[in-house]
Amino acid sequence: MKLLKKYIEKDRSGSVRLIPEDSEDMWHIYNLVLKGDKIKASTIRGFKSESSTGSVTSDRVRVMLTIQVEDVFFDVQVGILHLNGKNCEQNNYVGQYHTLDLELNQPFTIEKNEWDFVSLNRITEACDINKKADVAAVVMQEGLANLCLLTQHMTIVKQRIQVPIPRKRMGSSTQHDKGLTNFFDKTYTAILSHVDFSA
Numbered sequence: 110m111k112l113l114k115k116y117i118e119k120d121r122s123g124s125v126r127l128i129p130e131d132s133e134d135m136w137h138i139y140n141l142v143l144k145g146d147k148i149k150a151s152t153i154r155g156f157k158s159e160s161s162t163g164s165v166t167s168d169r170v171r172v173m174l175t176i177q178v179e180d181v182f183f184d185v186q187v188g189i190l191h192l193n194g195k196n197c198e199q200n201n202y203v204g205q206y207h208t209l210d211l212e213l214n215q216p217f218t219i220e221k222n223e224w225d226f227v228s229l230n231r232i233t234e235a236c237d238i239n240k241k242a243d244v245a246a247v248v249m250q251e252g253l254a255n256l257c258l259l260t261q262h263m264t265i266v267k268q269r270i271q272v273p274i275p276r277k278r279m280g281s282s283t284q285h286d287k288g289l290t291n292f293f294d295k296t297y298t299a300i301l302s303h304v305d306f307s308a
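Given below as structure tokens:
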């Protein structure tokens, strides 16, 4: 995560401007944002306008919104944070309530009435590149494997591999061996596609 701006008053109120760079950053933001916090971010809104002749045109406009958060939902699979809340500033394109979607590589500002030590420490940790040591793990049993990436705060399942393996038959185990070989090949291919060995 990138810290663009940090402004904290002596009474511990203030704002922080951040850019999330990966899904772990979104997890940190999910844990930072509380009900009552204000979030300022850019969003695209569609609107329809009717001309004097009666023809209707649809346009899309990028607007900067500030909402007071009432509900937070983190979609881990997509890596998007949905923030529901009341619009704090008058805007011609948005009603009283709105859902902001915080996405990767899109800057936003969090404003709190009081920043506690835990929240400030979380931002410091999330912005420290040296603390983001990733480990890959494959948790498996016969015919089933889960490829996971482990970070300091999260375990992300990148791929689930499931291959039916025939039982061993008396006198011949060729089908069983072929099934195992297929399973291990698929697991190996998944590891190569999801794990960066260059680091």
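Under the working numbering, residues 110 to 308 are what the sequence shown spells out, in order. Ideal placement from N, C-alpha and C gives every residue a C-beta, glycine not left out. Model, not experiment: these values are computed from the prediction.
query	result
With a cut-off of 8 angstroms on the beta carbons, I'd call Ala-299 and Leu-256 a contact; round off their distance for me.	5 angstroms
With a floor of 3 residues, list each beta strand (DSSP E) that falls wholly inside the segment 173-219, ordered by position along the chain.	189-196, 206-211
Suppose you measure from the CA of Asp-184 to the CA of Ile-274; what does that come to, to the nearest Å?	33 angstroms
Cα separation between Thr-208 and Val-304?	34 angstroms
If the criterion is Cβ atoms closer than 8 angstroms, does the pair Ser-228 and Leu-141 meet it?	yes
Can you name, in chain order, every residue of its own chain whose Cβ lies under 7 angstroms from the Cβ of Val-272, other than the five neighbours on each side?	Gly-252, Gly-288, Asn-291, Phe-292, Lys-295
Give the range of the beta strand (DSSP E) segment to which Gly-123 is assigned.	123-128
Quick check: the segment 181-196 against the segment 153-173, are at least 3 beta-carbon pairs closer than 8 angstroms?	no
In chain order, what residues of the same chain have a beta carbon less than 8 angstroms from the beta carbon of Ala-245, not counting five sequence neighbours either side?	Leu-256, Cys-257, Leu-258, Leu-259, Ile-300, His-303, Val-304
Hey, does Phe-293 have any beta-carbon neighbour from chain D nearer than 8 angstroms?	Absent from the structure: chain D. Only one protein chain is present.
Going by DSSP in three states, Lys-287 sits in which element: helix, strand or coil?	helix
Please report the residue range of the alpha helix (DSSP H) in which Phe-226 lies.	226-236
Count the other CB atoms, across all protein chains shown, that sit within 10 Å of the CB of Thr-152; report buried if there are 16 or more and exposed otherwise.	buried
Should Phe-217 be labelled buried (16 or more other beta-carbon atoms within 10 Å of its own) or exposed?	buried
Mind reading off the beta-carbon distance from Leu-190 to Met-135? Whole number of angstroms is fine, and I expect it under 8 angstroms.	5 angstroms
Which runs of the alpha helix (DSSP H) at least 4 residues long sit entirely within the segment 250-305? Give them in chain order.	283-303
Mind reading off the beta-carbon distance from Val-172 to Val-203? Whole number of angstroms is fine, and I expect it under 8 angstroms.	7 angstroms
So what does Glu-159 bridge to, in DSSP terms?	Val-165
Would you tell me roughly how many angstroms separate the C-alpha atoms of Cys-236 and Gly-155, rounded to the nearest one?	34 angstroms
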